[in-house]
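Chains as they are written, first to last, in full-length UniProt numbering: chain A, 1 to 134; chain B, 1 to 134. C-beta atoms are modelled at their ideal positions from N, C-alpha and C, and glycine is treated no differently. So the structure is just underneath, and the comments pick up after that.
2 protein chains.
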Amino acid sequence: MKQGLLTDRQKEVLRYRKKGLTQQQIAEIIHTSKANVCTIEKAALENIARARETLEFLYTLDAVHLCTLESGLDLLKAPEFIYAEAEKQGLKVKYDTISLINRLRDANPERFRGRQVREDVEIYINKDGDLYFG
Amino acid sequence: MKQGLLTDRQKEVLRYRKKGLTQQQIAEIIHTSKANVCTIEKAALENIARARETLEFLYTLDAVHLCTLESGLDLLKAPEFIYAEAEKQGLKVKYDTISLINRLRDANPERFRGRQVREDVEIYINKDGDLYFG
DNA sequence: GAGGGGTTAAGGAAAAGTGTTTAAATTTGC
DNA sequence: GCAAATTTAAACACTTTTCCTTAACCCCTC
Numbered sequence: 001m002k003q004g005l006l007t008d009r010q011k012e013v014l015r016y017r018k019k020g021l022t023q024q025q026i027a028e029i030i031h032t033s034k035a036n037v038c039t040i041e042k043a044a045l046e047n048i049a050r051a052r053e054t055l056e057f058l059y060t061l062d063a064v065h066l067c068t069l070e071s072g073l074d075l076l077k078a079p080e081f082i083y084a085e086a087e088k089q090g091l092k093v094k095y096d097t098i099s100l101i102n103r104l105r106d107a108n109p110e111r112f113r114g115r116q117v118r119e120d121v122e123i124y125i126n127k128d129g130d131l132y133f134g
Numbered sequence: 001m002k003q004g005l006l007t008d009r010q011k012e013v014l015r016y017r018k019k020g021l022t023q024q025q026i027a028e029i030i031h032t033s034k035a036n037v038c039t040i041e042k043a044a045l046e047n048i049a050r051a052r053e054t055l056e057f058l059y060t061l062d063a064v065h066l067c068t069l070e071s072g073l074d075l076l077k078a079p080e081f082i083y084a085e086a087e088k089q090g091l092k093v094k095y096d097t098i099s100l101i102n103r104l105r106d107a108n109p110e111r112f113r114g115r116q117v118r119e120d121v122e123i124y125i126n127k128d129g130d131l132y133f134g
């Protein structure tokens, strides 16, 4: 059966990093270049992000599309819009205005610039009022 | 930046399965064989398992070795032993006796036979009192 | 035993991921 | 500003995954 996403090399680097070693020190220990250690560490962190995203997807399986935040929208107007759409479907959003804005930005920081939506964001909702973004 | 672990094909199949379609029905919709749908679904589930395992590893990064359950030990005596070791380190185990035994067996069924430990089991603990086995 | 749902095995072609090096940025801490 | 630490890019060999087909097999239920 399959192992986790991280290679032995990646785990090795993460463990040493956790102990506080620099990439240079690790490079010496595992006999390679510090650039390579950097690449491996970066790949490890990407793999961890991928693992998180994969499990996030499972939640969206239970969720249905609620609406789209279109590029250019003022982020501060998003909650009101989302609440309205949810009400149309008889669903209650689990988050208050502030939490909602934070969740939006935390989930996809690169999709926002200041108060503005830079790129369309799809909003999904499940029966519990949990929101997911895609 | 990387996407999640699941390919578009895998997500597609999981969505249809969630809706209750059979592999045969999905095969017709996406124009392939049912054997292929089965393979894709299986790969998807493996990827999800890998994602879970990957995040599990992160916890072990924070954990320290607590003790070893040696081969031959009575499984029913393990919790008491583990509690004692945790107390030595000023840590409180998060699980009660029953949960702990279940967690042990669920994590590594092949390491136990009846009430007996067949093979040494390393116990790790983090600051939250979560336990991990290796 | 036939039919439906699911699984497995073998094999192949295309795509994606990994570890590595070298060299060039970029960031960070005095 | 210097030096150390970190990051990035490009390229290469190598391994693994994916998707696909075909054909067979298992477990039900009727």
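Exercise. Figure out for me which residue from A/E12, A/D106, A/K127 has the closest Cα to the Cα of A/E87.
Key: Out of A/E12, A/D106, A/K127, A/K127 has the C-alpha closest to the C-alpha of A/E87.
**Message:** If you follow the beta strand (DSSP E) that B/V121 is in, where does it begin and where does it stop?
**Reply:** 121-125
Discussion item. Just to confirm before moving on: does the CB-CB distance between A/E41 and A/R15 stay below 9 Å?
Written reply: no
Taking a Cβ distance cut-off of 8 Å, strictly less, list which residues of the UniProt domain "RNA polymerase sigma-70 region 4" (6-48) of chain B are near chain A, in chain order.
L6, K11, L14, R15, K18, E46, N47, I48
Nearest chain B C-beta to A/F133 closer than 9 Å, yes or no? no
Quiz prompt | Terminal residues of the beta strand (DSSP E) in which B/L66 lies | solution = 64-69
Enclosing alpha helix (DSSP H) for B/V104 [first to last residue]:
Here the sequence assigns Leu to residue 104 of chain B, which means Val is not the residue at that position. From DSSP, the alpha helix (DSSP H) with B/L104 extends over 97-107.
Report task. Return helix, strand or coil for B/Q24, following the three-state DSSP convention. Result -> helix
Short check: CB of B/T68 to CB of B/I26, under 9 Å? no
Q. Do three or more CB pairs link the segment 49-67 of chain B to the segment 47-62 of chain A at distances below 8 Å?
A. yes
Neighbour-count burial assignment, B/N102, 16 or more Cβ in a 10 Å radius = exposed
* Asked: Residues of chain A with a CB under 8 Å from the CB of B/L58: which are they?
  -> I48
- request: Could you spell out the range, first to last residue, of the alpha helix (DSSP H) harbouring B/L131?
  value: That residue, B/L131, is in no alpha helix (DSSP H); its beta strand (DSSP E) goes 131-133.
inquiry  = Need the endpoints of the alpha helix (DSSP H) that residue 135 of chain B sits in, please.
reply    = Outside the shown range of chain B, which is 1 to 134, sits residue 135 of chain B, and nothing can be said about it.
Residue nearest to A/I30 in terms of C-alpha spacing, selected from A/E80, A/L45, A/G20, A/R9
A/R9
| Run of the alpha helix (DSSP H) containing B/K88, from where it starts to where it stops | Start and end: 78-88.
Notebook entry, point to check: In chain B, which residues lie with their C-beta within 8 Å of the C-beta of A/R111?
Noted result: In chain order: nothing, as chain B lies at least about 12 Å away.
- Message: As a quick exercise: from A/T7, A/E80, A/D74, A/V117, pick the residue whose alpha carbon is nearest that of A/L45.
- Response: A/T7
Let me see if you follow: with CB-CB separation under 9 Å, is A/R118 close to chain B or not?
no
Between the Cα of B/D130 and those of B/V64, B/A84, B/T32, B/T39, spot the shortest distance and give me the residue it belongs to.
B/V64
ask   = Just how far apart, CA to CA, sit residue 199 of chain B and B/Q24?
value = Residue 199 of chain B cannot be examined here, being either before or after the span of chain B that is shown, 1 to 134.
For B/G90, count the other beta carbons within 10 Å of its own beta carbon; 16 or more makes it buried, fewer makes it exposed. Which is it?
exposed
- Message: Could you pull the DSSP bridge partners for A/R113 from this structure?
- Response: A/Q116
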